[in-house]
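**Student:**
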């Protein structure tokens, strides 16, 4: 009866261990599958991370180049603005010079008193009289004085003509400066538009860099999280393998014990049969004799 109970206990233990081994083996396989999927996810995430880093590096370089190009154009813009201011100053100076010339011409005209046409005609007549008509000394002196006065007035008109020529040249120079200012304005406008376009591109790319850095950090955190999960699974696999190893050792021990008990029972049965033969005085076979010696049945007898 007790042998039967021991046998049942051994069988129950063996079945329980086998059941646990099957469950752990299933868990081990599931962990392996999870690990394989996780490693694939890590590989993909790492590749995405590399691509994002490469993209970030490229865009950062683009931002740097955009800034350099924008700053270079801004230097040109400042140069053209300085040139524009210089032209405006020159034009203001010319306007002032023209005003001064007009004032000087008006002053000279007031000094002249006699119209230029009359001066020329009177000079011609007085010189003709002086050269052709015999006059007394007093009359001659009067003519000479009048000629000198008229020649002084003629000099004033010559000065006025010189000033008028200078004023015309200044006006021409002013118009040339206008043309130069217009060309400068067109170039300045074009460069300003380029600078504005580059600045907008710079801002957009800068925002893109900022967003990409946020995404990069998120992806980096994702990779770290996946690696932590992988480490956890590796620990679970290690623990499962260790438990499987223990259970297999336990199963081996149970089966070894079971076989030992079985062998002992067989030997016990043979021993009883041999003892009965000995008691009956029957001859033992060679194998039975060996067993009898091994179990010391002959000495006991």
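In this note's numbering, the protein residues as written are 6 to 306. C-beta: ideal position from N, C-alpha, C; glycine also. Keep in mind it's a predicted model, so treat the numbers as computed, not measured.
#1: If I measure Cβ to Cβ from residue 224 and keep anything under 8 Å in the same chain, skipping five residues before and after, which residues do I get?
#2: Out of curiosity, what's the CA-to-CA distance linking residue 28 and residue 252?
#3: According to the neighbour-count rule (16 or more other Cβ atoms, all chains shown, within 10 Å of its Cβ), is residue 207 buried or exposed?
#4: For residue 67, collect the residues of the same chain with a Cβ closer than 7 Å to its Cβ; drop the 5 residues on either side in sequence, then sort them by chain order.
#5: Going by CA-CA distance only, name the one from 260, 176, 287, 246 that's closest to residue 21.
#6: Got a sec? Which residues, its chain only, sit under 8 Å from residue 145 by beta carbon, not counting five neighbours each side?
#7: Is it right to say residue 23 is buried, meaning 16 or more other beta carbons lie within 10 angstroms of its own, or is it exposed?
#8: Please report the distance separating the alpha-carbon of residue 63 from that of residue 189.
#9: Within the continuous alpha helix (DSSP H) that includes residue 4, where are the two ends?
#10: Would you kindly work out how many angstroms separate the C-alpha atoms of residue 203 and residue 71, rounded to a whole number?
#11: Distance, Cα to Cα, residue 160 vs residue 171?
#12: Work out the CA separation of residue 258 and residue 341 for me, nearest whole Å.
#13: What number of angstroms, rounded off, separates the C-alpha of residue 303 from the C-alpha of residue 18?
#14: Do you know offhand how far residue 297's Cα is from residue 250's?
#15: Is the beta carbon of residue 85 closer than 7 Å to that of residue 217?
#16: With burial defined as no fewer than 16 other Cβ atoms inside 10 Å of the residue's Cβ, what is the status of residue 173: buried or exposed?
#17: For residue 65 versus residue 214, is the C-beta spacing smaller than 7 Å?
#18: Could you have a look at residue 63 and say whether DSSP puts it in helix, strand or coil?
#19: In whole angstroms, what separates the C-alpha of residue 133 from that of residue 156?
#20: Could you spell out the range, first to last residue, of the alpha helix (DSSP H) harbouring residue 295?
#21: Mark residue 75 as exposed unless 16 or more other C-beta atoms lie within 10 angstroms of its C-beta, in which case mark it buried.
#22: I'd like the span of the alpha helix (DSSP H) that includes residue 118, first residue to last.
#23: Considering only residues of the same chain and omitting the five flanking positions on each side of residue 182, which have a CB-CB separation below 8 Å?
#24: In chain order, what residues of the same chain have a beta carbon less than 6 Å from the beta carbon of residue 14, not counting five sequence neighbours either side?
#25: Helix, strand or coil for residue 30? Go by DSSP, reduced to three states.
#26: Do you know how far the Cα of residue 229 is from the Cα of residue 200?
#27: Determine whether the beta carbon atoms of residue 315 and residue 234 lie at a separation below 7 Å.
#28: Classify residue 18 as helix, strand or coil using the three-state DSSP reduction.
#29: Run the CB neighbour count on residue 219, radius 10 Å, all protein chains shown included, and call it buried at 16 or more, exposed below.
**Tutor:** Once the coordinates are examined:
#1: Cβ neighbours of residue 224 beyond the five flanking positions: 50, 53, 54, 57.
#2: Cα to Cα, residue 28 sits roughly 11 Å from residue 252.
#3: Of the other Cβ atoms in all chains shown, 16 or more fall within 10 Å of the Cβ of residue 207; this residue is therefore buried.
#4: Within its own chain, the residues whose Cβ lies closer than 7 Å to the Cβ of residue 67, once the five positions on either side in sequence are excluded, are 210, listed in chain order.
#5: Put simply, of 260, 176, 287, 246 the residue whose alpha carbon is nearest the alpha carbon of residue 21 is 260.
#6: If we look at residue 145 and ignore the five residues flanking it on each side, its Cβ neighbours are 135.
#7: When all chains shown are included, residue 23 counts as exposed.
#8: Rounded to whole angstroms, residue 63 to residue 189 spans 36 Å at the Cα level.
#9: Nothing can be reported for residue 4, as the shown portion of the chain is limited to 6 through 306.
#10: So the alpha carbons of these two residues sit roughly 6 Å apart.
#11: Here the C-alpha atom of residue 160 lies approximately 16 Å from the C-alpha atom of residue 171.
#12: Outside the displayed range of the chain (6 to 306) lies residue 341, so it cannot be described from this structure.
#13: Distance between the alpha carbons of residue 303 and residue 18 is about 38 Å.
#14: Approximately 40 Å, taken between the alpha carbons.
#15: No.
#16: Exposed, because fewer than 16 other Cβ atoms sit within 10 Å of the Cβ of residue 173.
#17: Taking 7 Å as the Cβ cut-off, residue 65 and residue 214 qualify as a contacting pair.
#18: Looking at residue 63 - three-state DSSP - the assignment turns out to be helix.
#19: For residue 133 and residue 156, the distance between alpha carbons rounds to 15 Å.
#20: Residue range 291–299 is occupied by the alpha helix (DSSP H) that includes residue 295.
#21: The C-beta of residue 75 has 16 or more other C-beta atoms within 10 Å across all chains shown, which makes the residue buried.
#22: From DSSP, residue 118 is part of no alpha helix (DSSP H); its letter is neither H nor E.
#23: Cβ-Cβ distances below 8 Å link residue 182 to 92, 95, 96, 99 in the same chain, with the five nearest sequence neighbours on each side left out; the list follows chain order.
#24: Reliability of the predicted coordinates at residue 14 is poor, the pLDDT of 46 falling under 50, and the value obtained from them is presented with this limitation in mind. In its own chain, leaving out the 5 sequence neighbours on each side, no residue places its CB closer than 6 Å to the CB of residue 14.
#25: Three-state result, residue 30: helix.
#26: Roughly 42 Å separates the two Cα atoms.
#27: The question about residue 315 has no answer, for the chain in this structure spans 6 to 306.
#28: Residue 18 falls in the helix class under three-state DSSP.
#29: Answer is exposed; the Cβ neighbour count stays below 16.
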